[in-house]
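Q: In our numbering, the protein residues as written are 156 to 554. By construction, the Cβ of each residue, glycine as well, lies at the ideal position given by its N, Cα and C atoms. Pasting a structure here, questions to come.
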Ligand code: M7G
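Okay, structure coming up:
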């Protein structure tokens, strides 16, 4: 049975620490390597190797709040911060949900399918809007993402030998195609659940017409910043990682410095079974930096640490050299707590296109040339037609 647990207001799992793939995969190997095999390392799963246990991790001596004060004396760098979002104030005041441990899996069988939000033949993924029908969750929206995972080289021979059925579809001369039915342990479907899902989550996954926006610094201050402060996704899941309330055993690397430190963890999108779609995120310890727009030269040491230490950690844990990594920030991000994406160069990761991804090395160079670079230049990004931010740009006559 599953317990009626609040998994966070508007956040993915909101710190529940639940492993979403325990929902469908009996081995529960999402992100944990259990039974997954680690072909690039004969020893323990790389995600665990060398990861500092909370006990071994030196306690930060300074608070991230002191970074904010240090930043605040730098004039415009502080201005870029703006007033604190309402939600953030509520979370700090203890109003936000966090921390609780969810022990039971999500009740997938009790989900009533409302609609298919999006489906992608190329990515072999489908995004569903469902409603939990069990008495305790009656009428609560959920987003469920089902995604076929890449093949794992070391399991391919098992697939050939242990398939349960092979049905001929067609044959023509030397060519033939079949339906192969693999055994359950070789037919994993990566499943991601957002529950309870907000309207904003539903919008995020709904296929929509998109438009390019060219945002000046004035637009940012007058349109985007007020919007972020009133609307953005909860970032409780980020605080849970930073405070080791969730995903603590998945940490690949940590620099505990409250001003220039960060935590590197496997991204939600990566099941860690194969390197082809390697995806990690670095979450900074300090809390007042929302996005690229807030960055000034003051943040260069932090960004350099992420670039340098992140690359070292990835080569150490996964054997992937820095020259095969795409390391970048999103603008606009979905979550306004600065984070950096690390993806395999050969992987066409969602969000790595020119209208969204900003290479970290370029960001550092830009800031070194001009501390106010990101408070001066216009930035381009795509918005879906039904997004509130798009409507705000429309109302302001900027689209
Ligand atoms: P983003 O650029 O803010 O937005 O990136 P995007 O999701 O539109 O790309 C946030 C990144 O954090 C994404 O790559 C997410 O897959 C990842 N992410 C989101 N959540 C809620 C979690 C989580 O709970 N744990 C981990 N490890 N990654 C997450």
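Can you tell me where the beta strand (DSSP E) with residue 421 in it begins and where it stops?
A: Counting along the chain, the beta strand (DSSP E) containing residue 421 begins and ends at 417-421.
Q: What is the DSSP secondary structure of residue 448, counted as helix, strand or coil?
A: Looking at residue 448 - three-state DSSP - the assignment turns out to be helix.
Q: Since residue 375 is in the alpha helix (DSSP H), which residue starts that stretch and which ends it?
A: Careful: residue 375 lies outside any alpha helix (DSSP H) and carries neither H nor E.
Q: Give the DSSP-derived three-state secondary structure of residue 528 in the structure shown.
A: Three-state result, residue 528: helix.
Q: Could you work out which residue in 355, 510, 492 is closest to residue 395 when comparing CA atoms only?
A: Selected option, being the one with the closest Cα: 492.
Q: For residue 401 and residue 392, which I take to be in contact (beta-carbon distance under 8 Å), what is that distance rounded to the nearest angstrom?
A: Their Cβ separation, rounded to whole angstroms, is 7 Å, which keeps residue 401 and residue 392 in contact under 8 Å.
Q: So does the segment 478-490 actually touch the segment 507-514, counting three or more Cβ pairs closer than 8 Å?
A: Yes, since at least three Cβ pairs between the segment 478-490 and the segment 507-514 fall closer than 8 Å, the two stretches touch.
Q: Using only alpha-carbon positions, find the residue among 516, 278, 370 that is nearest to residue 552.
A: Of the listed residues, the one whose Cα sits closest to residue 552 is 370.
Q: Under 8 Å by Cβ, that's how I've got residue 436 and residue 495 pegged, so tell me the actual separation to the nearest angstrom.
A: With a Cβ gap of about 7 Å, residue 436 and residue 495 count as contacting.
Q: Output the distance between the C-alpha atoms of residue 448 and residue 454, rounded to the nearest integer angstrom.
A: Each residue's alpha carbon lies about 12 Å from the other.
Q: Could you check where the alpha helix (DSSP H) with residue 313 kicks off and where it finishes?
A: That run of the alpha helix (DSSP H) goes 311-317.
Q: Round the Cβ separation of residue 433 and residue 425 to the nearest angstrom and send it over; I've been treating them as touching at under 8 Å.
A: Yes, they are in contact, since the Cβ atoms of residue 433 and residue 425 sit about 6 Å apart, within 8 Å.
Q: Run through the segment 255-305 for me and flag every whole beta strand (DSSP E) of 3 or more residues, listed as ranges in chain order.
A: Runs of the beta strand (DSSP E) inside the segment 255-305: 266-275, 280-287, 295-303.
Q: The beta strand (DSSP E) with residue 349 in it runs from where to where?
A: First-last of the beta strand (DSSP E) with residue 349: 344-349.
Q: Residue 533 bridges to which residues according to DSSP?
A: Looking at the DSSP assignment, residue 533 forms no beta bridge with any residue, so it has no partner.
Q: Report the rounded CA-to-CA distance for residue 555 versus residue 328, giving the unit in angstroms.
A: This structure cannot settle anything about residue 555, because the visible part of the chain is limited to 156 through 554.
Q: For the alpha helix (DSSP H) that contains residue 400, what are its first and last residues?
A: Neither: residue 400 is in no alpha helix (DSSP H) and is coded neither H nor E.
Q: Around the Cβ of residue 181, are there at least 16 other Cβ atoms within 10 angstroms (buried) or fewer (exposed)?
A: In this prediction, residue 181 scores a pLDDT of 26, lower than 50, which makes its location untrustworthy; the coordinate-derived value is nonetheless stated afterwards. Exposed is the call here.
Q: Where does residue 220 land, buried or exposed, given buried means 16+ other C-beta within 10 angstroms?
A: Under this definition residue 220 is an exposed residue.
Q: How big is the Cα-Cα spacing for residue 412 and residue 430?
A: Going by the C-alpha atoms only, they are around 29 Å apart.
Q: Could you tell me whether the segment 261-275 touches the segment 284-298, using the rule of 3 or more Cβ pairs below 8 Å?
A: The segment 261-275, when compared against the segment 284-298, does touch it at the 8 Å Cβ threshold.
Q: Does DSSP put residue 322 in a helix, in a strand, or in coil?
A: Residue 322 falls in the strand class under three-state DSSP.
Q: Do residue 529 and residue 388 come within 7 Å of each other at the CB atom, strictly closer than that value?
A: No. Outside cutoff.
Q: Indicate whether residue 323 and residue 335 have their beta-carbon atoms separated by less than 7 Å.
A: Not a contact, by the Cβ cut-off of 7 Å.
Q: Kindly give me the distance between the Cβ atoms of residue 535 and residue 383, rounded to whole angstroms, as I take these residues to be in contact under 8 Å.
A: That pair is no contact at about 17 Å.
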